[in-house]
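Our numbering puts the first residue of the sequence shown at 175, with every later residue one more than the last.
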Amino acid sequence: MGSPAKSKAIPFDTFWYLMPVVPITASPHVFYIRPAPGWLELLHEEVISLVKTPLQKYKFEPKITLLKGTVKLHRCDWRQGLEIMLRLTTAHDVEWMILESKCNQWTEVDAILNRVPWNDILPNREIPIHVTADVSNGFTTASGKLRENLCRIAKVNHVSEGGVLRFKIELRSDFLRISVSLCGDPLYKRGYKAKLLATAPLPEHQAAACTRWVLAGVEPTHPVSSVFIPFAGSGTFGFESLIVLSGAGPGAFLRQFSCDIFPCTSEATMRFLRRKISEKLTSTPHPRLLFNELNSDAASTLKENAAAFSINSKFEIIEGDIFEIQPNFSPEGNILILLNPPYGNRLAKNSSISALYNRLGIYIQKLSESYSGRIIGGCICPDAHSWRSFLNGLKTPTQETHHFTHGGKEMRLVRWQG
Ligand SMILES: C[S@@+](CC[C@H](N)C(=O)[O-])C[C@H]1O[C@@H](n2cnc3c(N)ncnc32)[C@H](O)[C@@H]1O
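In structure tokens:
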């Protein structure tokens, strides 16, 4: 017998329509996870720890890859993707990659879009959809055409604002990728606050990331028995510290995620995961949480938010100037202090930022001397002046700084153990 004739390779995708339809839950999936700005490595660590501690058994063992701006989770059970999204505290968004396929010419785009299991994702064709389209190859046609093709094939309407589902279609050098956000609204919108303050607060995922980073730098000699949150505002730092310390996540609260309305999502799975995550928050013994706020309107908002958070926590709201109050910490255990002091136009009139941050450094230094070996904490510094002034006041040698971004501005977080 002669050697087989060399045939022209048939692309793998050619016979896709002959392939059996595999239920979404039966095959492994890829998810791209985007961090709170400036916290990619921390997000990576959080994903690793969640994958190691699943809330139930899954079919596949996921692989985790740290990419330039995202964490990629591959070979992941669909339901584990949901679990990770519901537990992640430092993520901005989790995108499920529905389909990725080789694509060398425009004529292939529609055929690929026809392979997306639209009926498994769209509850109906009337809901408003947001589509981000991105073309980064030699195709001359604009990304608008890509969006139009998606809308035509899926029979949906794109809206620029208020989309209930958020799709992404990307045409890179020779492949087309279609993904959808599992979350919809970004993950920092936790839904636990009864009232927000007018001022732009630190987003929840940033507060969680700051808390995690501070705790990661600490020798765990004692459990945290008190959390002290001066400059509390609407309370973000305090609530997020309880979420982080208890191992809960966004799924513990009353908000809907995009995946709740995908026909392929099992309601029973979501109910189970939500219950497990809520139990972490309600069944873990919480430290005493002391909030401090100077402004009486902010303090009353804080009271409403603390009541709405409604877990068996020992909240205490101390109204007054941080430099004049006497916080009452638990007699033993570590005291976690998280500071997001005012800056910019939130600073009191005629006060200097350097003076305030230096005074705070000295204040923390004195607390560390009074409660020797028990104080751990972090302070957000909005610029180099405030950061230097804070460190000049804080003499403790065990401190480190991390840079992150908030509202497009570079911020520094100092952590210390005293
Ligand atoms: C940067 S904001 C904190 C925002 C807060 N993290 C949030 O998420 O809403 C600073 C807060 O500190 C309060 N504040 C300012 N000076 C204070 C002082 N000397 N003592 C206590 N609170 C103060 C302000 O009223 C304001 O609510």
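Each residue gets a CB set at the ideal place from its N, CA and C atoms; glycine is no exception.
Cα separation between residue i and residue j?
i      : j      : result
Met585 : Leu370 : 22 Å
Gln591 : Ile511 : 10 Å
Glu453 : Arg253 : 19 Å
Tyr206 : Leu476 : 35 Å
Lys367 : Leu229 : 26 Å
Ala473 : Glu393 : 33 Å
Glu115 : Asn331 : Any question about residue 115 goes unanswered here, given that the chain covers just 175 to 592.
Met175 : Thr306 : Reliability of the predicted coordinates at Met175 is poor, the pLDDT of 37 falling under 50, and the value obtained from them is presented with this limitation in mind. Each residue's Cα considered, the two are about 55 Å apart.
Phe465 : Ala406 : 6 Å
Arg346 : Pro202 : 23 Å
Leu495 : Leu468 : For the record, residue 495 in the displayed sequence is Asp; it is not Leu. So the alpha carbons of these two residues sit roughly 5 Å apart.
Glu344 : Ala480 : 42 Å
Thr575 : Ile222 : 23 Å
Ser384 : Gly552 : First, the residue type needs correcting, since residue 384 is Cys and not Ser in the sequence shown. Rounded to the nearest angstrom, the two C-alpha atoms are 8 Å apart.
Pro556 : Thr281 : 51 Å
Leu296 : Lys450 : 27 Å
Asp434 : Ile198 : 15 Å
Gly535 : Arg351 : 49 Å
Ala422 : Arg261 : 6 Å
Ile554 : Ile491 : 21 Å
Tyr537 : Ala522 : 18 Å
Arg208 : Glu235 : 21 Å
Ser310 : Val283 : 14 Å
Glu478 : Lys237 : 42 Å
Thr227 : Glu257 : 11 Å
Ile272 : Pro397 : 42 Å
Thr439 : Phe431 : 11 Å
Asp251 : Gly358 : 20 Å
Val333 : Arg429 : 22 Å
Give the secondary structure of residue i by DSSP, where H, G and I count as helix, E and B as strand, and everything else as coil.
i      : result
Lys450 : helix
Gly551 : strand
Val392 : coil
Thr575 : strand
Leu413 : Here residue 413 turns out to be Phe, not Leu, going by the sequence shown. Three-state DSSP puts Phe413 in a helix.
Arg340 : strand
Ile496 : coil
Gln591 : strand
Arg586 : strand
Trp280 : coil
Ile561 : Note that residue 561 corresponds to Trp in the displayed sequence, not to Ile. Three-state DSSP puts Trp561 in a helix.
Glu506 : coil
Cys384 : helix
Thr239 : strand
Phe402 : strand
Asp164 : What the structure shows of the chain is the stretch from 175 to 592, and residue 164 is not part of that stretch, so it cannot be assessed.
Leu371 : coil
Lys488 : strand
Leu356 : coil
Is the shortest distance between the beta-carbon of residue i and the beta-carbons of chain B less than 8 Å?
i      : result
Ala406 : No chain B is present in this structure, which holds just one protein chain.
Please confirm whether residue i and residue j have their CB atoms less than 8 Å apart.
i      : j      : result
Arg589 : Val388 : yes
Thr264 : Leu217 : yes
Pro211 : Phe483 : no
Asn566 : Asn532 : yes
Leu455 : Ser420 : yes
Ser563 : Tyr517 : no
Val268 : Leu214 : no
Arg364 : Pro302 : no
Arg386 : Val418 : yes
Phe503 : Ser400 : yes
Trp270 : Ala328 : no
Thr410 : Arg520 : no
Ser470 : Glu493 : yes
Val204 : Lys246 : yes
Judging by CA-CA distance, which residue of the options is the nearest neighbour of residue i?
i      : options                           : result
Thr239 : Tyr232, Lys231 and Val225         : Val225
His460 : Ile509, Leu447, Phe446 and Met259 : Ile509
Phe446 : Phe564, Leu530, Lys231 and Phe436 : Lys231
Thr395 : Glu235, Ala316 and Ile550         : Ile550
Glu498 : Val290, Pro404, Pro375 and Ala390 : Pro404
Glu543 : Leu568, Phe341, Ser528 and Ala558 : Leu568
Lys342 : Phe402, Glu274 and Phe427         : Glu274
Gln539 : Pro571, Cys277 and Ser525         : Pro571
Pro437 : Cys250, Asn298, Ala390 and Phe402 : Asn298
Leu361 : Gln380, Pro375, Phe349 and Asp348 : Gln380
Ala558 : Ala200, Lys242, Glu335 and Lys583 : Lys583
Span of the beta strand (DSSP E) holding residue i?
i      : result
Ile303 : Ile303 to Val309
Asn532 : No beta strand (DSSP E) holds Asn532; the alpha helix (DSSP H) holding it covers Ile527 to Ser544.
Compute the minimum distance between the beta carbon of residue i and the heavy atoms of ligand 2, and state whether it is under 7 Å.
i      : result
Pro571 : Summarising the ligand content, the structure contains ligand 1 and does not contain ligand 2.
Just reading off the alpha helix (DSSP H) that residue i is part of, what are its end residues?
i      : result
Thr199 : Here Thr199 belongs to no alpha helix (DSSP H), and DSSP marks it neither H nor E.
Ile222 : Leu214 to Lys226
Phe483 : Ser470 to Phe483
Cys250 : First-last for Cys250: Val245 to Cys250, but that is the beta strand (DSSP E), not the alpha helix (DSSP H).
Glu322 : Ser317 to Ala328
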